[in-house]
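Below is one structure; the comments refer to it alone.
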Amino acid sequence: MKKLQPGTVLACLSVLQICSWGCAAEPPNQLTEQEQEQGFELLFNGKDLEGWDQSGNWQVKDGVISRTDNGGDLVYGKQSLPDDFELRFEWKVGAGSNSGVYYRPGQYEYQILDNKQHADGKNPRTSAASLYFCMPPSQDTTRPVGEWNQGRIVCQGTVIQHWLNGKKVIDFDYTDPHYAWHVTLLANRGGKLEERGGTLFLQDHGDPVWYRSLKLRTIPQDEKLERSPVKPAPVSDEAMAAEQRKLQRIMENRARQQQQK
Numbered sequence: 012m013k014k015l016q017p018g019t020v021l022a023c024l025s026v027l028q029i030c031s032w033g034c035a036a037e038p039p040n041q042l043t044e045q046e047q048e049q050g051f052e053l054l055f056n057g058k059d060l061e062g063w064d065q066s067g068n069w070q071v072k073d074g075v076i077s078r079t080d081n082g083g084d085l086v087y088g089k090q091s092l093p094d095d096f097e098l099r100f101e102w103k104v105g106a107g108s109n110s111g112v113y114y115r116p117g118q119y120e121y122q123i124l125d126n127k128q129h130a131d132g133k134n135p136r137t138s139a140a141s142l143y144f145c146m147p148p149s150q151d152t153t154r155p156v157g158e159w160n161q162g163r164i165v166c167q168g169t170v171i172q173h174w175l176n177g178k179k180v181i182d183f184d185y186t187d188p189h190y191a192w193h194v195t196l197l198a199n200r201g202g203k204l205e206e207r208g209g210t211l212f213l214q215d216h217g218d219p220v221w222y223r224s225l226k227l228r229t230i231p232q233d234e235k236l237e238r239s240p241v242k243p244a245p246v247s248d249e250a251m252a253a254e255q256r257k258l259q260r261i262m263e264n265r266a267r268q269q270q271q272k
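In structure tokens, the structure reads:
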């Protein structure tokens, strides 16, 4: 029998840990035994919106959070997010729907989107699982409209990771000069990647969207993340031109707002 090398064993264990959430169907709104050992807590009890603040336009039915009308975002009011954390959640959208999970101050957004029908799906930098208007995912691993997707956000120090359906699609250190242009792009939109202490909220973008199984843990400082390289998907010239026009409108609107103060 061939003896496995230590590196092979560690790699296998890492894959098993990733597949424990994202590769197999688990009962919604419950912590697995492994998640309990890792220190996860449920942010949504599956019954009501205890701990969440809203304006009456979100509801819980059959263990699922859904947007029912215009009225604003759904905000988790119990606590701010830790500096270093892992957030897990499940989401699905209606045809052409747009939403987002905001997790740090400013414009830190894990994009929630129907890539096939919404215009933002034409640009990887604004597609599902992107760090919106900053970093594109490496690939589109979304499931068809109406099916549940599993999202995961991992933040430790200056490293940001986005996962979708068991695949790591974003992994970058925002202090790396290689990503300076991406960081500047988000800053022009109003986001500062170095800010901390954000309030978690689910965006009301006017479209049908559903969430469940929201789980959070604090990541210890000495924990080593899985840092296999991820290459952002390329952005076409046409999409790049459209986003520059959009950015120009954003900056003009911000200038007008500042003049009115």
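Each residue of the sequence shown is one higher than the one before, counting from 12 in my numbering. Glycine included, every Cβ here is placed at the ideal spot set by N, Cα and C.
Return helix, strand or coil for residue i, following the three-state DSSP convention.
i	result
ARG78	strand
TRP159	coil
ASP94	coil
GLY111	strand
ASP64	strand
GLU101	strand
LEU258	helix
ASP187	coil
Counting C-beta neighbours from all protein chains within 10 Å, is the total for residue i 16 or more, i.e. buried, or is it exposed?
i	result
ASN109	buried
ASP131	buried
LEU24	Any reading at LEU24 is ruled out, since the residue's pLDDT is 40, under 50, leaving its predicted position unreliable.
GLY67	exposed
Could you tell me which of the options sits nearest to residue i, measuring between CA atoms?
i	options	result
VAL112	LYS178, THR195, LEU142	LEU142
SER247	GLN47, LEU213, GLN167, ASN134	ASN134
LEU211	ASP218, THR229, ASP95, LEU85	LEU85
ALA191	GLY82, GLU205, VAL180, LYS178	GLU205
ARG207	THR169, ASP215, VAL180, TRP221	THR169
GLN167	LEU258, PHE96, HIS216	PHE96
PRO39	ARG256, ARG223, GLN122	ARG223
Could you name the residues that DSSP lists as bridge partners for residue i?
i	result
ILE230	Paired residue(s): none; ILE230 is not in a bridge.
TRP192	Answer by DSSP bridge pairing: none, since TRP192 is not bridged.
Under the criterion of a Cβ to heavy atom distance below 8 Å, does residue i qualify as lining the ligand SAM?
i	result
ALA191	Ligands in the displayed structure: none, and consequently the ligand SAM is not present.
Does the structure place the segment 102-119 close enough to the segment 156-169 that three or more beta carbon pairs sit under 8 Å?
yes
Mind the definition here: the segment 179-193 touches the segment 75-84 only if three or more C-beta pairs lie below 8 Å; say whether that holds.
no
Would you call the segment 226-246 in contact with the segment 137-154, where contact means no fewer than 3 C-beta pairs closer than 8 Å?
yes
Between the segment 45-52 and the segment 226-233, do at least 3 Cβ pairs fall closer than 8 Å?
yes
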